[in-house]
Amino acid sequence: MLAVSIAALAAKEARKEVNKTQLKMSLDTNISAESISHQENGRYKVQPSICKYYLEQHNNPFVAMEAAVEYIGWGPTKLDGEAADLHRSNVFIKINEELDEMKKSLQKVEDKITKHPRFISDWERKDFEESIQETIDVITGANHYVAILCKELEISWVDMWEQHFTKLVQKGFKKSWPVKQH
3 MLAVSIAALA AKEARKEVNK TQLKMSLDTN ISAESISHQE NGRYKVQPSI CKYYLEQHNN
63 PFVAMEAAVE YIGWGPTKLD GEAADLHRSN VFIKINEELD EMKKSLQKVE DKITKHPRFI
123 SDWERKDFEE SIQETIDVIT GANHYVAILC KELEISWVDM WEQHFTKLVQ KGFKKSWPVK
183 QH
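Structure (structure tokens):
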């Protein structure tokens, strides 16, 4: 028996959330119901076209987030444990807590950041590791904050990222525009 991946579970959950059968979804996406079934059951990896469908048609980035983790082995993942409370107010409170913790950890390395890496002691390295972990916590929290607010307020996740990419290019932080999603 195949172990069902987190991306497969996310795809199935997303389809059920929008009350679609695999057949109806296959008609919407021009992907066979069999292929959709295989992706949802872990026989095939969830394909980019399925991720794009949920992003563009249902403003749901979590399938893509889980697929990215599955493909590359790391990255922000949808929080689904017993302690996770994804109500927008709780996510707001949690992201602020994470930002405070990150800021404290950054202050611990502030006077060490200009040191050449060869001259960083083991205990200083631990401070940097803590700073990195706190920053990763913020990245995960920020992804949830943006995803949940976009979904609940019906603000397009894709449009928000397109605005962000445009700003990066305009300010000279990126040379070119990433491939547009639609």
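Residue numbering for the sequence shown follows my numbering, starting at 3 and increasing by one per position.
Ideal placement from N, C-alpha and C gives every residue a C-beta, glycine not left out.
In chain order, what residues of the same chain have a beta carbon less than 8 Å from the beta carbon of residue i, not counting five sequence neighbours either side?
i, result
"Lys176", "Phe167, Leu170"
Looking at the unbroken alpha helix (DSSP H) that takes in residue i, where does it start and where does it end?
i, result
"Val50", "Per the sequence presented here, residue 50 reads as Pro, with Val not at that position. From DSSP, the alpha helix (DSSP H) with Pro50 extends over 50 to 60."
"Ile1", "With the chain covering 3 to 184 only, the question about residue 1 has no answer from this structure."
"Ser7", "Looking at the DSSP string, Ser7 is not in any alpha helix (DSSP H), and its letter there is neither H nor E."
"Ile185", "One cannot answer for residue 185 here, as it falls past the ends of the chain, which runs 3 to 184."
"His40", "35 to 42"
"Glu68", "64 to 74"
Leaving aside the five residues before and after residue i along the sequence, list all residues of the same chain whose C-beta is less than 6 Å from its C-beta, in chain order.
i, result
"Glu136", "Glu103, Met104, Ser107"
"Thr2", "Nothing in the structure corresponds to residue 2, since the chain is present only between 3 and 184."
Please report the distance separating the alpha-carbon of residue i from that of residue j.
i, j, result
"Ala13", "Leu101", "30 Å"
"Ser7", "Glu126", "38 Å"
"Leu4", "Asn43", "Note that Leu4 scores a pLDDT of 48, beneath 50, so its modelled location is shaky; the value from the coordinates is reported in the next line. For Leu4 and Asn43, the distance between alpha carbons rounds to 8 Å."
"Ser39", "Ile33", "10 Å"
"Glu58", "Ala10", "18 Å"
"Ser91", "Lys153", "14 Å"
Report the CB separation of residue i from residue j in whole angstroms; it is logged as a contact under 8 Å.
i, j, result
"Tyr147", "Ile97", "5 Å"
"Ala35", "Leu25", "5 Å"
For residue i, is the classification buried or exposed, using 16 other Cβ atoms within 10 angstroms of its Cβ as the cut-off for buried?
i, result
"Gly83", "exposed"
"Gly143", "buried"
"Val20", "exposed"
"Ile157", "exposed"
Can you name, in chain order, every residue of its own chain whose Cβ lies under 7 Å from the Cβ of residue i, other than the five neighbours on each side?
i, result
"Val71", "Ile8, Gly77, Thr79"
"Lys117", "none"
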